[in-house]
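Have a look at the structure below before the remarks.
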Ligand SMILES: [Ca+2]
Ligand SMILES: [Ca+2]
Ligand SMILES: [Ca+2]
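In my numbering, the protein residues as written are 70 to 918.
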């Protein structure tokens, strides 16, 4: 490969070990700065630099404004890429031109009009460096020696709020405690020439500028997810080429990426297929064979198997080969040796799948129980959150993609307390809101798990009366029933108190939405009283002037009410005999909401035409710092399945023939239209149907089998790999569930072998690295960091499932395991993790047959 950086066919600059991307990934704006955009550098296989763009802040935060890319031009002759950027809020346009110059790129900022007065001294060219890859390494600025700090301990000043560039929709990420001033970081160093990581050849980079001063900042001073930022302020009153940088990432001569040997970290049962997928640098030459070693009881090792390497071919930027050691069945401790590369050990044993759901059900789920004190051994995970309850949201837009219309659709006035909502429910994800659509999903997932697998596991003490949860303390009640009850308690309270479902119960202010720490400290526990001054507490100690109370977003959405009604019917069935009172309340709300939602949807269809009603049904729920996309996808999937799933649920709950008729009217056309999307619902119906149904479904299952065999030719891993901005674990889990159920009902068509595909992927056989995506599950090497609410500790909550492999255009998969803050690859959601419980329970049933 060339020694100099060259513009390649995929429109990025490349030399061996170095990729420089110029807005291959534009700022998407979904959640503003997602740390995935602008000028990016993939340095010896790791995306260590991103965010290269004209920015308005020294160290931009998630809700700071991002530039819109208005054009991108690739000039092959000149070897350059030019991108035009615009900030509509300030009518501010700029251009960045990146040109290959030998081993370096020149980055130049051009202005046709001077920087707007409001942004003078604020707008600059920024480039961001991944802290976990640079901390503790050295840097030299103009010859002065220094070291990147492990933790943010540099200096700041405060400045008047009036001087701060506007944040997303005018929200504020900070609580200024009444000072009317914001915090601005001071630089770690300034100068014209910086050499970073001279002590680490894989990370070493030189950057210089003759016409502008380089300033190095630590973004973690403002936000734990901040990066190191190098920037130059744009000069005022100048046009033309205003800032020029020369950026030279070092390349290790002849560098070849280490092979990534993908295999299942939890191991294999003796009779399952065992195929390692080995990811190779495209300049790497595949070896002829690999070897499996067994570790004996005396600690000695012996060769258990030696087999040929088979080529699969190229998939995006790497080549893939496979090592099949299926023939090894003897229980034992093994590792794979491929050339110089040796994996950690793994087991072949009958019992490797026995515990795959335990961390999720015993630890992750109870920690996400809202409105409870949750403790484990000596550790308190969180106190009881949101004691002051929820206020009626006023008309508003929202930072987490929710909105409240002008009508509240309730009897409450804006900012009036809606009683009784601070009970039950589950935290959405890495944030702490109750996202109603997700919570409906969660209860449904628990009910399915309960009805299909009847798990009696009891490792959690739950007292609704004491609002107290203790992990690892059995209380005589199966935990799944308690989880169904906990989810239902909140959703029934919504229906009873509001009259219909809220779209979400969420934060009212951005400055506590990004909370990291004990959920009980998000709000002050005192009722908000606008008569008091901010931060003032009433004489009786019960009210405060701090507007931190959570809000209920109550714009009525009959489609959401309809979903809730369906779920309530099932919850009523599951809770009868355990909590009869709640079961009856759920059934009452089910019937009422079903009727009202049907009438409302009919009226709206009449009033606004079918297209609008359809759009209405699609407007389900937004959500979270990231999982809005996932939820939208789920919502779309629900709508694709149409009323099918709902009618099935209703039939299962009521046994009324009309629902069965509706289901039967639609299922076959839906299967004809899209067998992949419909198969799960069709299989869900099997337990309620007769033999004729099963027989009629058989050819569709055969068709589905052909569809899944096709995955082997699409990618080396044989599972559907998502390329969206939120990695594809939900689709993979859906696929896994469908395959497991298809095997359980049609074992002669879908073999047991197919059910292991998803397990392999989840537990380590995937691109980028070979760690298990499920926290602590994966006996030897689970991932170490996840985007949970303890992410600031670079930690995980056991049982969390990462979204997984995030695709960056045009050809890069990644899953950071030293940086937890990118939600699209590391955030587990309550809906996704409960879906994992179903998949893993089904897989255990398949394995245990
Ligand atoms: Ca229990
Ligand atoms: Ca409060
Ligand atoms: Ca959320």
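Glycine included, C-beta positions come from ideal geometry on N, C-alpha and C.
It should be emphasised that the depicted structure is a prediction, and the values quoted were computed from it without experimental measurement.
With respect to 8 Å, is the separation between the Cβ of residue 605 and the closest non-hydrogen atom of ligand 2 below this value?
As a working note, residue 605 is residue 536 in the chain shown. No, Cβ of residue 605 sits at least 8 Å from all heavy atoms of ligand 2.
Exposed or buried, which one is residue 753 when buried takes at least 16 other CB atoms within 10 Å?
The count along the chain shown starts at 1 and reaches residue 753 at position 684. Residue 753 is buried by the Cβ-count criterion.
Keeping to the same chain, check which residues put their C-beta closer than 8 Å to that of residue 737; ignore five residues upstream and five downstream.
Indexing the chain shown from 1 puts residue 737 at position 668. These residues qualify, in order along the chain: 765.
Output the distance between the C-alpha atoms of residue 281 and residue 302, rounded to the nearest integer angstrom.
Here the question's residue 281 lines up with position 212 in the chain shown. Here the question's residue 302 lines up with position 233 in the chain shown. Near 8 Å, if we compare the C-alpha coordinates of residue 302 and residue 281.
Please find out if some non-hydrogen atom of ligand 3 comes closer than 8 Å to the beta-carbon of residue 445.
Within the chain shown, the letter at position 376 stands for residue 445. Every heavy atom of ligand 3 is 8 Å or more from the Cβ of residue 445, so no.
Give every residue of the same chain whose Cβ lies closer than 8 Å to the Cβ of residue 238, excluding the five residues on either side of it in the sequence, and list them in chain order.
Position 169 of the chain shown, counted from the first residue, corresponds to residue 238. Contacts found: 466, 468.
Excluding five sequence neighbours on each side, which residues of the same chain lie with their C-beta closer than 7 Å to the C-beta of residue 429?
Residue 429 sits at position 360 when you count from the first residue of the chain shown. The answer, listed in chain order, is 868, 902, 905, 906.
Can you grab the Cα-Cα spacing for the pair residue 75 / residue 176, in whole Å?
Indexing the chain shown from 1 puts residue 75 at position 6. Indexing the chain shown from 1 puts residue 176 at position 107. Between residue 75 and residue 176, the C-alpha separation is close to 15 Å.
In this structure, does DSSP put residue 78 in helix, strand or coil?
Taking the chain shown and counting its residues from 1, the one referred to as residue 78 is at position 9. Coil.
For the beta strand (DSSP E) holding residue 232, just list the boundary residues, first then last.
Residue numbering aside, residue 232 sits at position 163 when the chain shown is read from its first letter. It is not in any beta strand (DSSP E) - residue 232 carries neither H nor E in the DSSP assignment.
Would you list the one or two residues that DSSP bridges to residue 628?
The count along the chain shown starts at 1 and reaches residue 628 at position 559. The partner list for residue 628 (beta bridge, DSSP) is empty, contrary to what the question assumes.
Please report the residue range of the beta strand (DSSP E) in which residue 562 lies.
Here residue 562 is taken as the residue at index 493 of the chain shown, counted from 1. Element bounds for residue 562: not the beta strand (DSSP E) but the alpha helix (DSSP H), 548-567.
Where does residue 84 sit, in a helix, a strand or coil, going by DSSP?
As a first step, residue 84 must be located in the chain shown, where it is residue number 15. Looking at residue 84 - three-state DSSP - the assignment turns out to be strand.
To which residues of the same chain is residue 216 closer than 8 Å at the C-beta, ignoring the five residues directly before and after it?
Here the question's residue 216 lines up with position 147 in the chain shown. Excluding positions up to five away in sequence, the list reads 205, 206, 207, 208.
Taking the alpha-carbon positions, what's the residue 458 to residue 893 distance?
If you number the chain shown from 1, residue 458 lands on position 389. If you number the chain shown from 1, residue 893 lands on position 824. Approximately 30 Å between the Cα atoms of the pair.
By Cβ distance, which residues of its chain are closer than 6 Å to residue 493, with the 5 residues on each side in sequence left out?
Walking along the chain shown from the start, residue 493 turns up at place 424. Excluding positions up to five away in sequence, the list reads 555, 558, 559.
Counting pairs of Cβ atoms below 8 Å between the stretch 821-833 and the stretch 773-789, do you hit three or more?
yes
State the start and end residues of the unbroken beta strand (DSSP E) segment that holds residue 276.
Along the chain shown, read from residue 1 onward, the residue named residue 276 stands at position 207. Where residue 276 is concerned, the enclosing beta strand (DSSP E) stretches over 274-277.
Any heavy atom of ligand 1 closer than 8 Å to the beta-carbon of residue 461?
Numbered from 1 along the chain shown, position 392 holds the residue referred to as residue 461. It does not: the Cβ of residue 461 is nowhere closer than 8 Å to a heavy atom of ligand 1.
Beta-carbon distances below 5 Å to any heavy atom of ligand 1 define the shell here; list its residues in chain order, please.
527, 529, 544, 546, 548
Check your reading: residues with Cβ closer than 7 Å to ligand 2 heavy atoms:
457, 592, 593, 594, 595, 596, 597, 613, 615, 617, 618
Could you tell me how far apart the beta carbons of residue 300 and residue 187 are, in whole angstroms, since I believe they sit closer than 8 Å?
Numbered from 1 along the chain shown, position 231 holds the residue referred to as residue 300. Numbered from 1 along the chain shown, position 118 holds the residue referred to as residue 187. Not confirmed; about 18 Å, so no contact.
Under the criterion of a Cβ to heavy atom distance below 8 Å, does residue 504 qualify as lining ligand 3?
Along the chain shown, read from residue 1 onward, the residue named residue 504 stands at position 435. It does: the Cβ of residue 504 is within 8 Å (strictly closer) of some heavy atom of ligand 3.
Residue span of the beta strand (DSSP E) that contains residue 381, given as start and end
For the purposes of this step, residue 381 is identified with residue 312 of the chain shown, where counting begins at 1. Residue 381 -> beta strand (DSSP E) spans 370-384.
Could you tell me if residue 151 is buried or exposed, where buried requires 16 or more neighbouring beta carbons within 10 angstroms of its beta carbon?
Indexing the chain shown from 1 puts residue 151 at position 82. So residue 151 ends up on the buried side.
Using the Cα positions of residue 767 and residue 825, report the straight-line distance between them to the nearest angstrom.
The residue labelled residue 767 in the question sits at position 698 within the chain shown. The residue labelled residue 825 in the question sits at position 756 within the chain shown. If you take the alpha carbons of residue 767 and residue 825, they lie about 22 Å apart.
Is residue 498 near ligand 3, judged by its Cβ being under 8 Å from some heavy atom?
Your numbering for residue 498 matches position 429 in the chain shown. Checking every heavy atom of ligand 3 against the Cβ of residue 498, one is found closer than 8 Å.
Consider the C-beta atom of residue 580 and the heavy atoms of ligand 3; say whether any pair is separated by less than 8 Å.
Sequence index remark: in the chain shown, residue 580 carries index 511 (1-based). Result no, Cβ not under 8 Å from ligand 3.
If we call anything under 9 Å between Cβ atoms a contact, is residue 803 one with residue 330?
Sequence index remark: in the chain shown, residue 803 carries index 734 (1-based). Sequence index remark: in the chain shown, residue 330 carries index 261 (1-based). No.
Just confirm the distance between the C-beta atoms of residue 173 and residue 317, as a whole number of angstroms; I'd bet it's less than 8 Å.
Looking up residue 173 in the chain shown gives position 104. Looking up residue 317 in the chain shown gives position 248. Confirmed, about 4 Å.
Do the stretch 405-415 and the stretch 845-862 meet, that is, are 3 or more Cβ pairs less than 8 Å apart?
yes
By the 10 Å Cβ neighbour count, where 16 or more other Cβ atoms means buried, how is residue 102 classified, buried or exposed?
For this step, residue 102 is matched to residue 33 along the chain shown. Flag for residue 102 reads buried.
Short check: CB of residue 373 to CB of residue 390, under 9 Å?
Taking the chain shown and counting its residues from 1, one reaches residue 373 at position 304. Taking the chain shown and counting its residues from 1, one reaches residue 390 at position 321. For residue 373 and residue 390, no; Cβs fall outside 9 Å.
Alpha carbon of residue 255 to alpha carbon of residue 72, nearest angstrom:
For the purposes of this step, residue 255 is taken as residue 186 along the chain shown, with counting starting at 1. For the purposes of this step, residue 72 is taken as residue 3 along the chain shown, with counting starting at 1. Those two C-alpha atoms are separated by around 38 Å.
Pick from 438, 219, 810 that is closest to residue 552, judged by C-alpha positions
Along the chain shown, one-based indexing puts residue 552 at 483. Of the listed residues, the one whose Cα sits closest to residue 552 is 438.
Using DSSP bridges, identify the partner residues of residue 198.
Here residue 198 is taken as the residue at index 129 of the chain shown, counted from 1. 118, 297.
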